[in-house]
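Data block below; observations after.
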Amino acid sequence: MAVSSAKFFELRHTRSKGDLWPMLDRVYGRHTAYEPFKTALLATLKSAWHRRPNDLKLLDLKRDLDPDWFQRSEMVGYACYTDRFAGQLKDVQDRLPYLQSLGVNYLHLMPLLEPRPRPNDGGYSIMDYRRVNPDLGTMDDLETLAGTMRANDMSLCIDLVLNHTAREHAWAQKALAGDPFYQAFYYFFDDDTQPRLYERSLIEIFPNDSPGNFTYVPELDKWVWTTFTEHQWDLNWSNPWVFLEIVKVMMFLANKGIDILRLDAVAFLWKRLGTRCQSEPEVHWLLRALRACSRIVSPAVLHLEEAITGPAEMLTYLGRGEHDGREGNLAYHNNLMVQYWSALASRDTTLMRHVMRENFPETVTNATYATYLRCHDDIGWAISDEDTGALGMSGHAHRAFLSDFYEGTFPGSFSNGALFQENKGTGDKRISGTLASLAGMEQPDGEEMAIHRILMGTALIASFGGVPLIYMGDEIATLNDFSYLQDEYRFDDSRWVHRPAMDWDRVAQAESGRDPQARVLAGTRHIMARRKATVQFHGTVPTHILEPDAIEVFGFSRLAPTGAVVCLFNMSDRIVSVSGGWLRDQGITEFYDLLSNAEVGLHEDQLVLLPYARVWMT
Ligand code: GLC
Numbered sequence: 006m007a008v009s010s011a012k013f014f015e016l017r018h019t020r021s022k023g024d025l026w027p028m029l030d031r032v033y034g035r036h037t038a039y040e041p042f043k044t045a046l047l048a049t050l051k052s053a054w055h056r057r058p059n060d061l062k063l064l065d066l067k068r069d070l071d072p073d074w075f076q077r078s079e080m081v082g083y084a085c086y087t088d089r090f091a092g093q094l095k096d097v098q099d100r101l102p103y104l105q106s107l108g109v110n111y112l113h114l115m116p117l118l119e120p121r122p123r124p125n126d127g128g129y130s131i132m133d134y135r136r137v138n139p140d141l142g143t144m145d146d147l148e149t150l151a152g153t154m155r156a157n158d159m160s161l162c163i164d165l166v167l168n169h170t171a172r173e174h175a176w177a178q179k180a181l182a183g184d185p186f187y188q189a190f191y192y193f194f195d196d197d198t199q200p201r202l203y204e205r206s207l208i209e210i211f212p213n214d215s216p217g218n219f220t221y222v223p224e225l226d227k228w229v230w231t232t233f234t235e236h237q238w239d240l241n242w243s244n245p246w247v248f249l250e251i252v253k254v255m256m257f258l259a260n261k262g263i264d265i266l267r268l269d270a271v272a273f274l275w276k277r278l279g280t281r282c283q284s285e286p287e288v289h290w291l292l293r294a295l296r297a298c299s300r301i302v303s304p305a306v307l308h309l310e311e312a313i314t315g316p317a318e319m320l321t322y323l324g325r326g327e328h329d330g331r332e333g334n335l336a337y338h339n340n341l342m343v344q345y346w347s348a349l350a351s352r353d354t355t356l357m358r359h360v361m362r363e364n365f366p367e368t369v370t371n372a373t374y375a376t377y378l379r380c381h382d383d384i385g386w387a388i389s390d391e392d393t394g395a396l397g398m399s400g401h402a403h404r405a406f407l408s409d410f411y412e413g414t415f416p417g418s419f420s421n422g423a424l425f426q427e428n429k430g431t432g433d434k435r436i437s438g439t440l441a442s443l444a445g446m447e448q449p450d451g452e453e454m455a456i457h458r459i460l461m462g463t464a465l466i467a468s469f470g471g472v473p474l475i476y477m478g479d480e481i482a483t484l485n486d487f488s489y490l491q492d493e494y495r496f497d498d499s500r501w502v503h504r505p506a507m508d509w510d511r512v513a514q515a516e517s518g519r520d521p522q523a524r525v526l527a528g529t530r531h532i533m534a535r536r537k538a539t540v541q542f543h544g545t546v547p548t549h550i551l552e553p554d555a556i557e558v559f560g561f562s563r564l565a566p567t568g569a570v571v572c573l574f575n576m577s578d579r580i581v582s583v584s585g586g587w588l589r590d591q592g593i594t595e596f597y598d599l600l601s602n603a604e605v606g607l608h609e610d611q612l613v614l615l616p617y618a619r620v621w622m623t
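This is the structure in structure tokens:
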């Protein structure tokens, strides 16, 4: 008996309806249009399923049968700008072999849906969710690329900006033309009374060039909510029709073959007077409901939720409490990233151990982290006063130290970062820079240590648990590039310092030889190959934070059923050691390093760790 397609829909709806309708009841239950909205949503889901291409339906089935596919150690990610990496979308195809040589099977192409003309916040100010940026190609090109990647067992991730549209988006344009239905898609205020009240508790994202969270719209003589820049208008998620339209977009993209939707800036989706308007409970109700829509129509698709926050808040995006296992499949582990830089600067892992142990569970349900050392954005020092306070440290002083250290002004610093958005009010300073520049590659005679800092960090994100993400060019130790200062639309945004175009001549040179670029490339390839071979790094295997004697060493044990893998990282330029007895206490019997794929000898029962050493011991 053949099973009908409608039956599949019904079964998937039954599976996920508890994540969908009760959440929507909470958010929209009292809205006057709630009943028609629900009818429209169900019809949208059904028709999206009906239109889903057969090969994608097959992929749905495959991933439903194999739900841990993204948690396996095989997964390695890479993020890049299409134009700066390859040219157009159709040119990305030619670069897939290079990515495969790095072990990459997950590619995040930075914003590629049609943005407003520049300035557009690096493409995050979207004008049309259903068209590709014409400079990069067409929707057909995107679909073709996704298909080629699928045939090569690679997944494609793209950005879906949920919090705002460009003021040039059709919805905003209709709102500007006076259409009340579309005015209700945004937050408009007749005067600045309400905005002023909200501002009392809001923080500023871009305090230097986009101060405040509201923008005056002269055409309407109204104020509109703009968390980021004046051209990025926040969507009003308390309006169910916004939810419906975004679901339509999600399904449209899923049916083009996109594997991972990176849901941008999700923390900001719900506004509540008297709060920071970040990570309010409704945000999680909405995200759980959106996730349910994907699980019903396109279960092959994952949600990567972008919320760059302090530890406790960040975890909620992977589902906490009643949402456990039911929200994002992936979330950025910005805290691991921040703690890597913090420990390197202070040559001391006390804070890192504390933050990782006290805030993060050893496993997360149906989800895993996206681990990274830097990204296309600046680094904000997401270290809470509670965590520093528990260790008798001043949070403010430590954050200020890190900013100075990575800006390169702190005496003895090895780093060469650039300042991003100094908030004079709070003293908060964020930092831009490529991995190599931040890690000290530009210091006179600093290359040797920089190479080891980079490879130690890469081994850290490859083993901690999660999908490690390489940012374009970091694998060939790309340095900061100040040419953005000559660009009239970019000069005021130092994030462009770490977004230079891929230097393919450099890659060609690095394919042979022993220069620092070649060593970082070969080292990165080696680490990712060893990760893939280490099944114990599956995302569901608990990560237990250890307390090695040497305070310079960060360590954790991956507690696999077949035995522990103890991963140790010397975060300093000192030679330190860990005793054999302590390692045996952690279950280490073979003294075999899975990273170098060789046995390690102890010296007087001590494991000696050279500056920035990394080992994965069994
Ligand atoms: C996310 C992006 C960032 C962008 C912001 C607004 O945080 O990573 O680059 O500026 O959202 O869309």
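The sequence shown maps to residues 6 to 623 in our numbering. Cβ atoms here follow ideal geometry from the backbone N, Cα and C, with glycine treated the same way. Because the structure is a prediction, the values reported are computed rather than measured.
Decide if residue i is buried, meaning its Cβ has at least 16 other Cβ atoms within 10 Å, or exposed.
{"i": "T37", "result": "exposed"}
{"i": "I163", "result": "buried"}
{"i": "W230", "result": "buried"}
{"i": "Q522", "result": "buried"}
{"i": "T439", "result": "buried"}
{"i": "A402", "result": "exposed"}
{"i": "K625", "result": "Past the edges of the chain, shown from 6 to 623, lies residue 625, and the structure says nothing about it."}
{"i": "Y494", "result": "exposed"}
{"i": "E447", "result": "buried"}
{"i": "H608", "result": "exposed"}
{"i": "S215", "result": "buried"}
{"i": "Q344", "result": "buried"}
{"i": "S471", "result": "Reading the sequence as shown, one finds Gly at residue 471 and not Ser. Counting Cβ neighbours within 10 Å, G471 comes out buried, since at least 16 surround it."}
{"i": "Q541", "result": "buried"}
{"i": "P304", "result": "buried"}
{"i": "H308", "result": "buried"}
{"i": "K22", "result": "exposed"}
{"i": "L114", "result": "buried"}
{"i": "T393", "result": "buried"}
{"i": "P116", "result": "buried"}
{"i": "Q426", "result": "buried"}
Rank the options by C-alpha distance to the C-alpha of residue i and give the top, closest one.
{"i": "E480", "options": "A464, Y489, G470", "result": "A464"}
{"i": "L292", "options": "T539, N334, V570", "result": "N334"}
{"i": "W290", "options": "D450, L309, G324, A372", "result": "G324"}
{"i": "Q237", "options": "R172, R201, E516, R77", "result": "R172"}
{"i": "D226", "options": "R135, M319, R524, D195", "result": "D195"}
{"i": "A350", "options": "A405, A305, V369", "result": "A405"}
{"i": "R121", "options": "Y111, V137, N110", "result": "V137"}
{"i": "A348", "options": "D145, A603, G462, L47", "result": "G462"}
{"i": "T483", "options": "Y489, E595, V512", "result": "V512"}
{"i": "L240", "options": "T393, W621, T170, L202", "result": "T170"}
{"i": "A317", "options": "K434, A336, V306", "result": "A336"}
{"i": "A156", "options": "I208, L61, P124, A177", "result": "L61"}
{"i": "A11", "options": "P41, R35, S52, D24", "result": "S52"}
{"i": "R77", "options": "S437, Y191, Y597, V546", "result": "V546"}
{"i": "F257", "options": "D145, F561, V571, S499", "result": "D145"}
{"i": "E327", "options": "T370, L118, C572", "result": "T370"}
{"i": "G330", "options": "R296, D133, N339, M357", "result": "R296"}
Can you name, in chain order, every residue of its own chain whose Cβ lies under 7 Å from the Cβ of residue i, other than the five neighbours on each side?
{"i": "Q98", "result": "L150, T153"}
{"i": "A45", "result": "L249"}
Sorted by chain position, which residues of the same chain lie with C-beta nearer than 6 Å to residue i's C-beta, five sequence neighbours on each side aside?
{"i": "K179", "result": "Y187"}
{"i": "R57", "result": "N260"}
{"i": "L474", "result": "G82, A84, A375, Y377"}
{"i": "Y39", "result": "Y33"}
{"i": "T143", "result": "V137"}
{"i": "G413", "result": "S420, N421"}
{"i": "A515", "result": "I481, Q522, A523, L526"}
Which residues in the same chain have their Cβ closer than 8 Å to the Cβ of residue i, if we skip the five residues on either side of it in sequence?
{"i": "R89", "result": "M477, R504, P505, A506, M507"}
{"i": "K43", "result": "W26, L29"}
At a threshold of 7 Å, does residue i count as lining ligand 2 (C-beta to nearest heavy atom)?
{"i": "Y597", "result": "No copy of ligand 2 appears in this structure; the ligands present are ligand 1."}
Curious, which full-length alpha helix (DSSP H) runs of at least 4 residues does the region 430 to 478 contain? 440 to 443, 452 to 468
* To do: Please specify which runs of the beta strand (DSSP E), each continuous and at least 3 residues long, are wholly inside the region 479 to 540, giving them in chain order.
  => Here no run is fully enclosed.
Entirely within the region 38 to 113 and at least 3 residues each: give me those beta strand (DSSP E) ranges in chain order. Those beta strand (DSSP E) runs which fall completely within the region 38 to 113 and span 3+ residues are 82 to 85.
| query | Which ranges would you report for the alpha helix (DSSP H) in the region 229 to 261 if only whole runs of at least 4 residues count? | reply | Runs of the alpha helix (DSSP H) inside the region 229 to 261: 245 to 259.
- prompt: Which runs of the alpha helix (DSSP H) fall wholly inside the region 334 to 376 and span at least 4 residues, in chain order?
  reply: 339 to 351, 355 to 364
Going along the chain, which residues put their C-beta within less than 5 Å of some heavy atom in ligand 1?
D126, Y129, F233, D269, A270, D382
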